[in-house]
Amino acid sequence: MRDLDRLSYTLRVVKEAMRLYPPAARQFRVTSKDVDLGEHTVPEATPVMVCHYLLHRGADSFPDPDDFIPERFGPDSPPRHPLAHIPFGTGNRVCLGRHYATLEIHLLLAMLVGRFRFSFPSPLDPRLGVTLRPRERGTVLVARRGYSPGGDSSLRRSGSCRPEVGDPEMAVMERP
45 MRDLDRLSYT LRVVKEAMRL YPPAARQFRV TSKDVDLGEH TVPEATPVMV
95 CHYLLHRGAD SFPDPDDFIP ERFGPDSPPR HPLAHIPFGT GNRVCLGRHY
145 ATLEIHLLLA MLVGRFRFSF PSPLDPRLGV TLRPRERGTV LVARRGYSPG
195 GDSSLRRSGS CRPEVGDPEM AVMERP
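So in our numbering, spot 30 of the sequence shown is number 74, and the numbers just go up one at a time.
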C-alpha cells in the first residue's frame with residue numbers, strides 16, 4: 045500500500061473516471077439563503093439539484109469534456125474553479141468517506157489492472173439516476189494479463205462470472 049504514492053498516474057485515472065462517471069450523479073439540496081445566479085435570484089428554502097454528471101462535463105473547465113484524459117489532473121494541468129470537480133459533493137454535506145473511497149478505488153484499480161485486461165464489446169450507455177448505471181445489461185470480458193489464447197478474437201462470451209471450461213485464465217461477467 046505504501047507504493048500507491050508512486051502510482052500518481054493511476055490516481056489521475058481514478059479522478060478522471062470519477063469526473064466522467066461520478067459516484068453520485070446528482071444531489072438534491074435546499075438553499076439556506078437567497079443565492080444570486082447571474083441575473084436570477086434563487087430564494088431561500090428552494091429545492092435545487094446539482095447534476096455532477098453535467099457539471100463535470102463543463103467545457104470551460106474541461107476542454108473536450110467527453111474524452112477520457114487523466115492528464116487533466118496532473119501537476120501541469122491548468123487551474124480550474126475548485127467546484128468544477130466535486131464527485132463526492134462539497135461543503136457541510138460532503139461525503140465523509142471520500143478519502144477512504146478514493147484510496148480504495150486507487151488500490152483496487154492498481155491491483156486489478158496489473159493482473160487483468162478488461163474489455164467491453166459494446167459501449168456503455170449510462171442511465172442517469174441518483175447513481176449512474178448502464179442503460180442495458182451488457183458483457184465485460186476479463187482475461188489475465190500475459191494470457192491470450194489465440195489473440196483477442198478468442199475472448200468468448202459465456203454469460204457467467206466463472207472461468208470458461210477448459211480455459212482457466214479467462215472469465216466473462218455480465219454487467220448489472
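From the three backbone atoms N, C-alpha and C, an ideal C-beta is built for every residue, glycine too.
What first and last residue would you give for the alpha helix (DSSP H) that runs through residue i?
| i | result |
| --- | --- |
| Ala187 | Careful: Ala187 lies outside any alpha helix (DSSP H), inside the beta strand (DSSP E) at 182 to 188. |
| Val58 | 52 to 64 |
| His100 | Looking at the DSSP string, His100 is not in any alpha helix (DSSP H), and its letter there is neither H nor E. |
Please report the straight-line C-alpha distance between residue i and residue j, rounded to a whole angstrom.
| i | j | result |
| --- | --- | --- |
| Pro107 | Arg124 | 11 Å |
| Val92 | Arg101 | 19 Å |
| Pro122 | Ser105 | 9 Å |
| Ser52 | Met155 | 14 Å |
| Asp169 | Arg188 | 26 Å |
| Pro178 | Ala68 | 14 Å |
| Arg81 | Phe160 | Rather than Arg, the amino acid found at residue 81 in this sequence is Leu. About 47 Å. |
| Gly118 | Leu151 | 18 Å |
| Ala89 | Leu153 | 41 Å |
| Arg137 | Arg73 | 9 Å |
| Ala103 | Gly190 | 38 Å |
| Tyr65 | Glu180 | 16 Å |
| Leu172 | Asp120 | 32 Å |
| Val186 | Ser76 | 48 Å |
| Ile130 | Asp110 | 17 Å |
| Phe112 | Val79 | 33 Å |
| Leu48 | Leu99 | 29 Å |
Is residue i near residue j, with beta carbons less than 8 Å apart?
| i | j | result |
| --- | --- | --- |
| Arg50 | Pro114 | no |
| Arg70 | Cys95 | yes |
| Phe132 | Arg142 | yes |
| Thr134 | Leu127 | yes |
| Thr183 | Pro165 | yes |
| Leu176 | Tyr97 | yes |
Taking all protein chains shown into account, do 16 or more other C-beta atoms lie within 10 angstroms of the C-beta of residue i, making it buried, or fewer, making it exposed?
| i | result |
| --- | --- |
| Phe162 | exposed |
| Arg46 | exposed |
| His84 | exposed |
| Pro87 | exposed |
| Glu58 | The question names Glu, yet the displayed sequence has Val at residue 58. Val58 is buried by the Cβ-count criterion. |
For the beta strand (DSSP E) holding residue i, just list the boundary residues, first then last.
| i | result |
| --- | --- |
| His84 | 84 to 86 |
| Arg161 | 160 to 163 |
Tell me, which residues are paired with residue i by DSSP?
| i | result |
| --- | --- |
| Pro178 | Pro170 |
| Asp80 | Thr85 |
| Pro91 | Val74 |
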